[in-house]
Amino acid sequence: MRVAFLGLGIMGGPMAANLVKAGHEVSVWNRTPKSIEGATTAATPAEAAKGKEAVWVCVSDTKAVQSVLFGAQGAIHGLESGAVVVDSSTISPSASINIMEGLQEKGCEFLDAPVTGSKVAAESGSLIFMIGGAVHNIERVEPLLRAMGKKVIHMGENGKGLSAKLAQNMNIVFMYEGLCESLTLARKLGVAPEKMFELIEASMIRSGVAEYKKPFILNQDYSPNFPLKLMHKDIHLMLDAARENDVKLPGLAEIDKVIYEEAASRPGFDDLDYAVTIALLEEMAGLRTKAKVS
13 MRVAFLGLGI MGGPMAANLV KAGHEVSVWN RTPKSIEGAT TAATPAEAAK GKEAVWVCVS
73 DTKAVQSVLF GAQGAIHGLE SGAVVVDSST ISPSASINIM EGLQEKGCEF LDAPVTGSKV
133 AAESGSLIFM IGGAVHNIER VEPLLRAMGK KVIHMGENGK GLSAKLAQNM NIVFMYEGLC
193 ESLTLARKLG VAPEKMFELI EASMIRSGVA EYKKPFILNQ DYSPNFPLKL MHKDIHLMLD
253 AARENDVKLP GLAEIDKVIY EEAASRPGFD DLDYAVTIAL LEEMAGLRTK AKVS
């Protein structure tokens, strides 16, 4: 297929590279100029989108999606009627519906298709896509989905992919927070983290989150797989969606206030993996001096 890929960050870069590997004709654009071997590099989103059957977006937030699609040099100015735009950014579901309506005025189709699997899955082409939109549009981009992911779950109409993504990431927030609090308490009581992981892995509380984050926690390696600033942004999207729909999320609100707002106030923390939040808990428990970024 002829496809434009807009956004070459931690997730978008390897996703675009996998499209090239699968034999698709790919044009790429990134706000800070980057290139992907085998792809054509465009100067603007509009240039990248020109003549393409599909345009894939993977950028940081709602404002970035709106700019990339509808800005002065946005993809809308290069899109042809009938093209499919797929957004794998994690943004507000209600804002995504507005984006869909703006694209429909141009005669284009739209899918919200956020992903889960983090950097490792993006690199290996084993992402899980949760998609909102019409089935026939999913079928149109199936070859692209197959090149980047291992599973596609159709969550329902437009906006439902993002709704599922926010709920999914909320599970991750709670699971990781619970893991970190339990490890911190155990360590304060004299139990080594390695022993706690051995117990977790042997019991009913084992989880993909614990398995994935184990080496990072034990090695105090907070290099970004999912930067804290993006998880913090997603928490605010969850809380906003809850307010819009009259849902109470007291546990999430407390985690945001006590952990993520504090982490965001620390110089340099925003660009580290959200795994660094365990350092704050350890600091609060007197297990380390003030957490710093070298």
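For the sequence shown, this note's numbering assigns the number 13 to the initial residue and increments by one for each residue that follows.
Quick reminder that beta carbons are idealized off the backbone N, C-alpha and C, glycines included.
Runs of alpha helix (DSSP H) lying entirely within the segment 214 to 290, each at least 4 residues, in chain order
220 to 230, 240 to 256, 262 to 267 and 273 to 277
Is the beta carbon of L261 closer than 8 Å to that of M250?
yes
Under the rule that 16 or more other beta-carbon atoms within 10 Å means buried, what is H36, buried or exposed?
buried
In the DSSP assignment, what are the bridge partners of T53?
V40
Using the three-state DSSP reduction, which class does L301 fall into: helix, strand or coil?
Note that residue 301 is Thr in the sequence shown here, rather than Leu. DSSP places T301 in coil when its eight states are reduced to three.
Please state whether the Cβ-Cβ distance between V164 and I111 is less than 8 Å.
no
Inter-stretch contact at 8 Å, needing at least 3 Cβ pairs: the segment 89 to 105 / the segment 40 to 48:
no
Three-state secondary structure assigned by DSSP to I109
helix
Sequence-distant residues of its chain with Cβ nearer than 8 Å to V38 (five each side left out)
V15, A16, F17, A28, L31, V32, I48, G50, A51 and T52
Three-state secondary structure assigned by DSSP to L91
coil
Sorted by chain position, which residues of the same chain lie with C-beta nearer than 7 Å to A61's C-beta, five sequence neighbours on each side aside?
A16, V67, A87, G90 and L91
Three or more C-beta pairs below 8 Å linking the segment 205 to 213 and the segment 225 to 245:
yes
Give a single yes or no on whether M160 has its beta carbon closer than 7 Å to a heavy atom of the ligand NAD.
Questions concerning the ligand NAD fall outside what the structure shown contains, since it holds no ligand whatsoever.
Would F209 and Y286 qualify as a contact pair, given that the criterion is a beta-carbon distance under 8 Å?
no
Using a threshold of 8 Å, state whether the C-beta atoms of V96 and R158 are closer than that.
no
Exposed or buried, what is T289 when buried is set at 16 or more other beta-carbons lying within 10 Å of its beta-carbon?
buried
Whose C-beta lies closer than 6 Å to the C-beta of F122 among residues of the same chain, with five residues either side of it excluded?
V97, M112 and L115
Curious, which full-length alpha helix (DSSP H) runs of at least 4 residues does the segment 150 to 220 contain?
154 to 160, 172 to 200 and 205 to 214
Among T74, L156, D283 and L293, nearest to I109 - alpha-carbon criterion:
T74
Beta-carbon separation (whole angstroms), V127 vs G161, contact threshold 8 Å:
7 Å
If you measure between the beta carbons of G119 and G94, is that distance less than 8 Å?
yes
Does DSSP put G144 in a helix, in a strand, or in coil?
strand
Check whether the Cβ atoms of L174 and G144 sit closer than 8 Å, and answer yes or no.
yes
6 Å Cβ shell around A54 - same chain, five flanking residues per side excluded
S39, W41 and A60
Using 10 angstroms around the beta-carbon of E273, count the other beta-carbons present and answer buried if the total reaches 16, otherwise exposed.
exposed
Just verifying my parser: in three-state terms, what is the DSSP assignment at V32?
helix
Using the Cβ count rule (16 or more neighbours within 10 Å means buried), how would you classify M142?
buried
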